[in-house]
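J.: Here it is, the structure, as structure tokens.
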Amino acid sequence: MCITKKKNARNNYSSQQSSNSGPSPTKDNSDDRETKTSKKKTTKPKSKSNKGQSPAPVESEKDKSFIAMNLHPMGARLAGHVFHKKPEPKDFTRRILQSERPDLVAPDSQLTTEECHNLDELLLNTTELQDNSQFLLGTVSNINDQTDDDEDENMKCASVLMLYDHGRFGNIHTINVRCMPDDETNEDEEKDKDNSKSKKTKEVQQILKVGRRMNANARIEHEIAILRCFYPVEQKRKEGEKGPTHITPIIANGDAGGSPYFTMPVMDVNLERLKQQIGHKFRWVDSFYIGQESMIGIKECHDRSIIHRDIKPTNLLLCREPNMFWWLCDFGDSCRIGEVKIISPPDALTLPYLSRAAHEATQKPMKATIAMDIESWFYMLLDLFVVLPWKNMVEEAPTLAAKTAFWANLTEFFQKRAAKLPPQLLPIAQIVGNSSIEKPYIQLKTILRDGFDKNNAKQPWKPDWITKRTPPKASAEMARSKEKGSIPKSNESASQTSDAKSKNQKKSPKNK
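Numbering (full-length UniProt numbering), first residue to last: 1 to 512.
So, in structure tokens, the structure goes:
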């Protein structure tokens with residue numbers, strides 16, 4: 001497919017940033033102070049005491065995770081990114097390159113740490129899909145029975161608006177999709193040109209995921225294949241089979257400039273980002289609700305014989321509308337139950353939630369089991385009530401040792417924190433730690449429901465992500481559809497109902 005880039009966009013963006021007298025809205029004041037300080041240092045003459053010193057502030061920023069790339073200046077804050085000061089595990093960049101680009105960095109590679117950083121930065125900044133890229137949309141999926149095949153076929157032209165977020169292996173962009181129906185107009189429409197144009201072209205905003213590094217395509221292709229397993233093909237859909245309700249839908253997928261990609265509906269923030277927005281503290285009732293929602297998504301994976309293997313707060317997305325659903329995303333490390341496969345090296349945000357078996361799987365191929373996801377889910381749930389004892393550890397060995405000690409002294413841990421934790425957490429932990437219970441969904445759901453009911457003092461219940469923050473602005477299409485009592489087709493799947501939904505879930509508006 002053809003891809004058009006504006007080669008001078010990066011230079012233009014940088015010149016615009018430098019020409020502004022005020023600080024950029026995407027940067028902190030601390031970043032501005034560091035920039036001013038560094039500029040002053042460069043104007044001063046070199047002294048003897050400064051000889052041989054390296055620019056420490058620049059080096060320290062480089063050693064951190066690459067927060068921004070593509071057309072965004074270093075240090076610019078991405079709208080959906082989770083910012084933290086926790087360093088990455090030792091030799092993280094080398095291990096990532098060995099996982100993503102083994103053709104460049106072999107297991108016995110002699111590259112230094114600095115050379116690995118430089119190579120990684122080069123790969124990050126030379127990806128095909130960047131801001132202002134334009135491409136033709138690939139294969140469009142029907143995510144539910146309401147989707148019109150003819151309309152989907154006309155969703156052709158897409159343009160990348162901005163980089164929204166990134167993870168270890170993928171970039172998340174917001175894109176604008178222009179739906180252009182066939183030029184079939186009647187005499188009345190020809191008389192009114194403005195009305196005919198509005199009917200011919202419709203714009204929809206979606207989210208696009210693509211590989212973060214140049215020519216690192218295997219992971220995205222694997223994720224697309226996994227997502228295809230969740231959503232039924234046309235024949236099965238006609239027979240009554242429906243897709244999941246808590247797995248992020250795939251709208252379209254294709255290849256642009258040699259880079260495979262897929263698109264999905266616009267979502268709200270992930271759970272970790274939401275913690276930052278509301279002050280890192282959830283009410284107990286909200287925490288139990290999130291536990292129920294995430295468990296539904298995990299069960300939907302296991303019902304299709306898929307193990308996620310990367311359950312963590314950053315992979316749990318809040319639906320935009322209705323904003324009571326939580327969606328499980330990022331299936332780059334997922335595999336079939338029983339498949340023997342290695343797990344990607346964890347970063348600072350992944351390490352606290354790895355199961356003990358997953359720790360071993362980062363070093364050698366291990367069989368994927370249901371217990372992996374359930375244990376990671378429990379860590380994510382427990383972290384909503386109290387900080388995990390190993391939350392701030394940065395290396396895998398000490399973290400694994402702390403988790404092993406936690407399970408060995410489980411009762412003692414909860415007895416010491418009895419005043420700070422709800423009584424339902426100990427039986428949940430005992431079920432998770434019981435290896436004889438292979439599929440503990442019913443037992444866990446019962447306790448989670450009990451925790452929600454006993455802590456739901458104020459009714460009707462409204463979660464903190466509604467009461468403690470300003471909700472994201474809906475698009476113009478969403479606003480127009482809301483007035484008509486319907487939901488846009490790019491987000492219709494978010495309103496699907498299922499018997500697996502939590503009983504305390506609010507009913508979504510019916511599609512007309």
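Glycine residues also receive a C-beta, built at the ideal position from the N, C-alpha and C atoms.
Tell me the DSSP secondary structure of leucine 426 in three-state form.
T.: Reduced to three states, the DSSP call for leucine 426 is helix.
J.: Within a Cβ cutoff of 7 Å, which residues of the same chain sit near glutamate 438, ignoring the five residues on either side of it in sequence?
T.: Contacts found: Ile370.
J.: Using CA atoms only, rank isn't needed, just tell me which of Val266, Arg213 and His166 is closest to valine 177.
T.: It is Val266 whose Cα lies nearest to the Cα of valine 177.
J.: Can we say the stretch 377-389 touches the stretch 410-422, given the rule of at least three CB pairs closer than 8 Å?
T.: Flag = yes, the stretch 377-389 and the stretch 410-422 touch.
J.: Nearest by alpha-carbon distance to asparagine 132: which of Met162, Ala106 and Glu121 is it?
T.: The option with the nearest alpha carbon to asparagine 132 is Met162.
J.: Do the stretch 83-102 and the stretch 110-120 make contact, defined as three or more Cβ pairs closer than 8 Å?
T.: Yes, since at least three Cβ pairs between the stretch 83-102 and the stretch 110-120 fall closer than 8 Å, the two stretches touch.
J.: Per DSSP, which residues does leucine 163 bridge with? Please list them.
T.: Leucine 163 is bridged to His173.
J.: Helix, strand or coil: how does DSSP classify tyrosine 379 here?
T.: The answer is helix: DSSP assigns tyrosine 379 an H, G or I state.
J.: Using the rule of at least 16 other Cβ atoms within 10 Å of the residue's Cβ for burial, across every protein chain shown, is serine 47 buried or exposed?
T.: With a pLDDT of only 41 at serine 47, under 50, the local geometry of the prediction cannot be trusted, and the value read off the model is given with reservation. Exposed is the call here.
J.: Identify the residues that DSSP records as bridge partners of threonine 139: which are they?
T.: Answer by DSSP bridge pairing, in chain order: Asn253.
J.: Quick check on this structure: which residue in Pro260, Cys229 and Ala252 has the alpha carbon closest to the alpha carbon of serine 215?
T.: According to the sequence as given, residue 215 is asparagine; it is not serine. When only C-alpha atoms are compared, the closest one is Pro260.
J.: Excluding the 5 residues preceding and the 5 following glutamate 360 in the sequence, name in chain order all residues of the same chain whose CB lies nearer than 6 Å to its CB.
T.: Same-chain partners within the cutoff: Met366.
J.: Mind checking whether tryptophan 327 and glycine 451 have CB atoms under 8 Å apart?
T.: Not a contact, by the Cβ cut-off of 8 Å.
J.: If we count the other Cβ atoms within 10 Å of its Cβ and call it buried at 16 or more, is tryptophan 377 buried or exposed?
T.: Burial call: buried.
J.: What span of residues does the alpha helix (DSSP H) with valine 285 cover, start to end?
T.: Run containing valine 285: 284-303, per the alpha helix (DSSP H) assignment.
J.: If phenylalanine 262 and asparagine 253 are in contact, beta carbons under 8 Å, what's the gap, nearest whole angstrom?
T.: Rounded, the Cβ-Cβ distance is 4 Å, consistent with contact.
J.: Does the stretch 313-329 come within contact of the stretch 400-407, defined as at least 3 CB pairs closer than 8 Å?
T.: Because the criterion of three Cβ pairs below 8 Å is not met, the stretch 313-329 and the stretch 400-407 do not touch.
J.: When burial is assigned at 16 or more other CB atoms within 10 Å of the CB, is lysine 462 buried or exposed?
T.: Under this definition lysine 462 is an exposed residue.
J.: Among all the DSSP beta bridges, which residues are the ones paired with tyrosine 261?
T.: Beta-bridge pairing links tyrosine 261 to Val210 and Gly254.
J.: Measuring only the C-alpha atoms, how far is alanine 357 from threonine 201?
T.: So the alpha carbons of these two residues sit roughly 51 Å apart.
J.: Determine the burial state of valine 105: buried for a count of at least 16 other Cβ atoms within 10 Å of its Cβ, exposed for fewer.
T.: Valine 105 comes out buried.
J.: As a quick exercise: from Ile306, Thr362 and Glu375, pick the residue whose alpha carbon is nearest that of isoleucine 428.
T.: Cα-wise, what sits closest to isoleucine 428 is Glu375.
J.: Tell me where the beta strand (DSSP E) around tryptophan 390 begins and ends.
T.: Premise fails: tryptophan 390 is in no beta strand (DSSP E) and is neither H nor E.
J.: At a cut of 8 Å, does the stretch 386-394 reach the stretch 290-300 through at least three beta carbon pairs?
T.: No, because fewer than three Cβ pairs between the stretch 386-394 and the stretch 290-300 fall closer than 8 Å, the two stretches do not touch.
J.: Beta strand (DSSP E) containing serine 327: first to last residue?
T.: Residue identity differs from the one stated: residue 327 is tryptophan in this sequence, not serine. Segment 326-328, the beta strand (DSSP E) holding tryptophan 327.
J.: For residue 528 and threonine 362, what's the separation of their Cα atoms in angstroms?
T.: The requested residue 528 is not part of the displayed model; the chain covers only 1 to 512.
J.: Using CA atoms only, rank isn't needed, just tell me which of Asp165, Arg212 and Pro102 is closest to glutamate 128.
T.: Glutamate 128 has its Cα closest to that of Arg212, out of Asp165, Arg212 and Pro102.
J.: Please report the distance separating the alpha-carbon of methionine 295 from that of isoleucine 251.
T.: Methionine 295 and isoleucine 251: Cα-Cα distance of roughly 24 Å.
J.: Return the chain-ordered list of same chain residues with a C-beta closer than 7 Å to the C-beta of valine 386, the five sequence neighbours on each side being excluded.
T.: Once the five neighbours on either side are set aside, the close Cβ partners of valine 386 are Arg417, Lys420 and Leu421.
J.: Where does the unbroken alpha helix (DSSP H) through lysine 271 begin, and where does it stop?
T.: In the sequence as displayed, the identity of residue 271 is leucine instead of lysine. From DSSP, the alpha helix (DSSP H) with leucine 271 extends over 271-278.
J.: I'd like to know whether the C-beta atoms of glycine 332 and phenylalanine 169 end up nearer to each other than 8 Å.
T.: It is a contact, given that the beta carbons lie within the stated cut-off.
J.: Could you give the DSSP three-state label for methionine 267: helix, strand or coil?
T.: In this structure, methionine 267 counts as coil in the three-state DSSP scheme.
J.: Quick check: the Cα distance between lysine 36 and lysine 85, rounded to an integer number of angstroms?
T.: Because lysine 36 carries a pLDDT of 42, less than 50, the predicted location of this residue cannot be relied on, and the following value inherits that uncertainty. Distance between the alpha carbons of lysine 36 and lysine 85: 22 Å.
J.: For a minimum of 4 consecutive residues, which ranges assigned as the alpha helix (DSSP H) are wholly contained in the stretch 328-371?
T.: For the stretch 328-371, whole alpha helix (DSSP H) runs of length 4 or above, ordered along the chain, are 356-361.
J.: Which residue comes first and which comes last in the alpha helix (DSSP H) that contains leucine 448?
T.: Taken as a continuous stretch (DSSP letters only), the alpha helix (DSSP H) holding leucine 448 covers 441-455.
J.: Which stretch, first to last residue, makes up the alpha helix (DSSP H) that contains leucine 111?
T.: No alpha helix (DSSP H) holds leucine 111; DSSP gives it neither H nor E.
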